[in-house]
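A.B. asks:
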Amino acid sequence: MAGPIHYEIYVRKHANSEWALLMAHEDRRHSIDTAEEIIRDKIAAAVKVTKETLNPVTMEFSSISVLRLGAPDPVRKKAKVDTPTGPACRSPAELYTVHARESLGTILEDWLRRQGATAFELLHSPVLAERLDAAGVEVQHAIQKVAVPEAQATGQDLHALLRLYQKLSDQTVEQIIKAGRRGEFMDPAVIPVAKIAENLQGDSDRAFKMGGTIAHALTGLRGSRARLSALLDLCDQAPQAGALRAMVMVPIEQILCEMLAGSWNLPDLFGPALDQGSTLAAVVRMVAPREVAAIVAHDPRLAMMVPPVEGPAARLGERLAVGEFPLVAAALAKMVLRELTSPRRLRPGDAEGEINILRALATSLTATAGRLLTLEEVQNAFIERSRLLVTADFVAAYVRGCHTVLEEAERLARLSDNVTGGASKRAAARWLEACVLSLRFEAELCATTPPPLHRLMALRRLQRSIEGAGLEGKSAENTTETLGRIGTKIAEETRLIAQIAKASAPLQQKLTILLRLATAEAAPVGKVNEMARAEAMRLIRLPETRQFLQTSPEVLASLRPMMKAAGLAG
C-alpha cells in the first residue's frame, strides 16, 4: 500500500557535476514546470524530476523518474596540439613584461606571500633574489609549474624546457644581484627620490634602476599598511611634473597594482576584523571616496555597513579621487567584480548579513558606474551573484532561524526583492511558491492565533512584498492567488465579516475596518475583499447609518476616500 507521495527536483550545474537535490514539492505539475524553467533559464546543465513514494511498512521511499531534461554528457575531444612555437620566455628582459610578472606572481604566490612582497619587487631586489635562489625547492617547483603545461600544450621536449628555464632563472638572479653590488639601486632614505630621478635621466636602464630604488625603500617592511605608507611617502617626494615624475610614479603604481591584487593584503590594510563583504565595501569607498561619501550622507543605514577608510588607505583614496594611479583604480574595481562573481561567500555564517552588505555594495558601485566601471558591468556582476543567492544551500541558511512559516515566507520575499536577473527572480519566486503552497503554511495561518484581522494584514504585507519585488510569471501568480485564498478561508472560518458588523463598536470604526478590508489595505487581494465590500454596502444602506453620516460630515469626509476606492461612493 502506497503512502505519502512527493516529487524531488535534482540538477547538475555542469555536464560533469553530480546530481544535487534542489527542492521537493507535493505537486507533480509544479515540479515539472519548475524543471522546465530551470533548463529554459540555463540555471543548470541538466535537471530531472523523480516521484518518491513512501512504503509505510518498510518506511523506505521508492523512486521513479518522471522527467529528465538537458544535454547529455559532452564527448571529450582530444586536446589540439599546436605546432611548437618555442619557449614563452627566452631572456631575462622578457620576465619584466606585465604578463610575465602576472605569471610569476601566480606560480610563486605562496613564497611571495611569506616574504610579504610582489613579483615586481622580486625582479628588482637583490635581497629577495638571493632568498629565492637559496630556496632551491621553490625554484624547481616554479619551473615545473611552467614547463610541464607548456610542454604538454606545445609538444616541446620537457627536459629541454626545464633546462632552459633553470638557466633563465640563474641569469635573472645573477643580473639582479650584480646590479645591487654595483650600487645601481639607490636608497631613497639617503638620496631624495627626486634627485635620483634627475641622476637617472637619459640612462638607458633608468626603468630597471628606478624600480630597484623603489623596491629598496620597501626592504624590511612587513604588512600592507606600512608598505603602502612608504610608497605614498615616495609619491610626496616625487618631482611635480613631467618625465621625471613619471619615472617615479610608474614603478610605484606597478607595485600597488600587484600588492592590492593579493586578497591577503586587504585585512591588514582595512582591519582584520572585517569580513570579505565589508572589505569589498571599504575598497569601493577607497576607490571612489566622493561618490560613497555622498550616498552615505543621505542614507545613515549605509554608513553602518560601509566601513570608514583611514590611514594609508585614505591617503591612497585621495590620490585616486583626483585621477592618479588609474591602473590601480581599475585593478581594484575589477577585483571587486571578480569577488562578486566568485562562489566565495561574502559573510560566511550570516546569510541575512550577506544580503545587507550586497545591497550596500550595489548602491555604492551603481553610484560609481561610469567612472571606473560601466553600469552594464555592475549589473552583470550582481546578476551572477544573485544566482548564488537562490541556491538550496544559501536559501536553507537564510531561513534557518525562522520560528514560523510566515516569517520564512517574509524572508523569502525579501530575498526575492534583493536578487536581480530574470532567472534568479523566477528561482526566488519558486522558493516562495513552494513555501506558501505547503500544507504547513496554510495550517499555521488558519490556526486560532493570532487574531484573524492580524493574520489577514500579515498576508497582505506578504502580497505587497511580492509586488514590490517585481516577481512575474506563473509562480508569482500562484503565490498571490494562494495568499488570497487563505485569507478568504480565514475570514470564512472565523466569520470575521459578520462579527465586525455585529460588534458593539462605534459605527465609524466598523465601517473603517470593513472598507480597509474591501480595498485590500488590511486583507490580501481575493474574495475576502468582495465579502467586506458587500457587508460595508449593506451597512451604509441602513437608515441609521445614513442618518449618522449626514449628521457627521467630518466622519463622512474621513471615510469618503476609502469608499471611492471600494466603489461605494456616489
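Heads up: take any position in the sequence shown, counting from 1, add 52, and you land on our numbering.
Glycine included, C-beta positions come from ideal geometry on N, C-alpha and C.
Remember, it's a predicted structure, so these values are computed and weren't measured experimentally.
With respect to the beta strand (DSSP E) encompassing Met-75, which residues constitute its N-terminal and C-terminal limits?
C.D. replies: Counting along the chain, the beta strand (DSSP E) containing Met-75 begins and ends at 72-77.
A.B. asks: Exposed or buried, which one is His-176 when buried takes at least 16 other CB atoms within 10 Å?
C.D. replies: Buried.
A.B. asks: So, do the segment 368-386 and the segment 337-355 have three or more beta carbon pairs nearer to each other than 8 Å?
C.D. replies: Yes: the two stretches touch, three or more of their Cβ pairs being nearer than 8 Å.
A.B. asks: For the beta strand (DSSP E) that Ala-98 lies in, which residues bound it at each end?
C.D. replies: Ala-98 -> beta strand (DSSP E) spans 98-107.
A.B. asks: From which residue to which residue does the beta strand (DSSP E) around Val-577 run?
C.D. replies: Note, Val-577: premise wrong, no beta strand (DSSP E); not H, not E.
A.B. asks: Between which two residues does the beta strand (DSSP E) holding Glu-462 run?
C.D. replies: No beta strand (DSSP E) holds Glu-462; the alpha helix (DSSP H) holding it covers 457-470.
A.B. asks: Thinking C-beta only, is Arg-279 closer than 8 Å to Met-311?
C.D. replies: For Met-311 and Arg-279, yes; Cβs fall inside 8 Å.
A.B. asks: Determine the closest residue to Leu-566 out of Ile-552, Ser-556, Val-577 and Pro-558, with distance taken between C-alpha atoms.
C.D. replies: Minimum Cα distance to Leu-566 is reached at Ile-552.
A.B. asks: Once DSSP output is grouped into helix, strand and coil, what is the label at Glu-112?
C.D. replies: Looking at Glu-112 - three-state DSSP - the assignment turns out to be strand.
A.B. asks: To the nearest angstrom, how far is it from the Cα of Leu-484 to the Cα of Arg-81?
C.D. replies: Going by the C-alpha atoms only, they are around 16 Å apart.
A.B. asks: Could you round the C-beta distance between Met-262 and Met-301 to whole angstroms and report it? I think they count as a contact, below 8 Å.
C.D. replies: Not really, about 10 Å apart at Cβ, beyond 8 Å.
A.B. asks: Using only the alpha-carbon positions, how far apart do Asp-79 and Arg-512 sit?
C.D. replies: Between Asp-79 and Arg-512, the C-alpha separation is close to 25 Å.
A.B. asks: Are Gln-328 and Arg-396 touching if we call contact CB-CB under 8 Å?
C.D. replies: Contact flag set, yes.
A.B. asks: For Ala-618, which residues of its own chain have a beta-carbon under 7 Å away from its beta-carbon, when the five flanking residues on both sides are left out?
C.D. replies: Here the set comprises Leu-567, Ala-570, Thr-571, Arg-585 and Ala-588.
A.B. asks: Out of Lys-219, Thr-86 and Leu-180, which one is the CA nearest neighbour of Pro-144?
C.D. replies: The shortest Cα separation from Pro-144 among Lys-219, Thr-86 and Leu-180 belongs to Lys-219.
A.B. asks: My parser needs the alpha helix (DSSP H) runs of 4 or more residues fully inside the segment 351-387; what are they?
C.D. replies: List check, alpha helix (DSSP H) in window: 352-357 and 364-373.
A.B. asks: For Gln-292, count the other beta carbons within 10 Å of its own beta carbon; 16 or more makes it buried, fewer makes it exposed. Which is it?
C.D. replies: Gln-292 is exposed by the Cβ-count criterion.
A.B. asks: Grouping DSSP H, G and I as helix and E and B as strand, with all else coil, what is Gly-122?
C.D. replies: The answer is strand: DSSP assigns Gly-122 an E or B state.
A.B. asks: In whole angstroms, what separates the C-alpha of Gly-272 from that of Leu-514?
C.D. replies: Spanning the two alpha carbons is a distance of roughly 59 Å.
A.B. asks: Taking C-alpha atoms, which residue in Ala-555, Gln-306 and Tyr-450 lies nearest to His-151?
C.D. replies: Closest option to His-151, Cα to Cα, is Gln-306.
A.B. asks: Compare the C-alpha of Arg-233 against each of Pro-178, Leu-458 and Ala-383 and name the closest.
C.D. replies: Comparing Cα-Cα distances from Arg-233 to each of Pro-178, Leu-458 and Ala-383, the minimum goes to Pro-178.
A.B. asks: Near Thr-628, what residues of its chain come up, given a Cβ to Cβ distance below 6 Å and the 5 sequence neighbours on each side ignored?
C.D. replies: Past the boundaries of the shown model lies residue 628; the chain is included only from 53 to 622, so the question cannot be answered.
A.B. asks: Going by DSSP in three states, Ile-57 sits in which element: helix, strand or coil?
C.D. replies: Strand at Ile-57.
A.B. asks: Rounded to the nearest angstrom, what separates Asp-134 and Ser-69 at their Cα positions?
C.D. replies: The pLDDT assigned to Asp-134 is 48, lower than 50, so where the model puts this residue is not dependable, and the model offers no usable value.
A.B. asks: Can you check DSSP and say which residues form a bridge with Ser-69?
C.D. replies: None; Ser-69 has no bridge partner.
A.B. asks: If you draw a straight line from the C-alpha of Val-388 to the C-alpha of Asp-93, how long is it?
C.D. replies: Val-388 and Asp-93: Cα-Cα distance of roughly 26 Å.
A.B. asks: What are the boundary residues of the alpha helix (DSSP H) that includes Asp-162?
C.D. replies: Asp-162 -> alpha helix (DSSP H) spans 161-167.
A.B. asks: Who are the near neighbours of Lys-616 in its chain, counting only those whose CB is closer than 6 Å to its CB and skipping five residues on each side?
C.D. replies: No residues qualify anywhere along the chain.
A.B. asks: From the DSSP output, which residues share a beta bridge with Ser-517?
C.D. replies: Beta-bridge pairing links Ser-517 to no other residue.
A.B. asks: Buried or exposed: which applies to Ala-131, given that a residue is buried once 16 or more other Cβ atoms fall within 10 Å of its Cβ?
C.D. replies: Bear in mind that a pLDDT of 47 at Ala-131, under 50, signals an unreliable position, so the model cannot answer this.
A.B. asks: Measuring CA to CA, which of Glu-519, Val-577, Asn-470 and Ala-550 is closest to Gly-539?
C.D. replies: The candidate whose alpha carbon is nearest that of Gly-539 is Val-577.
A.B. asks: Go through the segment 169-205 residue by residue and report every complete run of the alpha helix (DSSP H) that reaches 4 residues or more, in order.
C.D. replies: Whole alpha helix (DSSP H) segments, 4+ residues: 171-174 and 178-186.
A.B. asks: So for Arg-423, helix, strand or coil by DSSP?
C.D. replies: It is coil, neither helix nor strand.
A.B. asks: Using the C-alpha atoms, what's the distance from Ala-267 back to Ile-229?
C.D. replies: Whole-angstrom Cα-Cα distance: 13 Å.
A.B. asks: Based on DSSP bridge pairs, tell me the residues matched to Ser-117.
C.D. replies: Answer by DSSP bridge pairing, in chain order: Thr-102.
A.B. asks: Buried or exposed: which applies to Lys-562, given that a residue is buried once 16 or more other Cβ atoms fall within 10 Å of its Cβ?
C.D. replies: Flag for Lys-562 reads buried.
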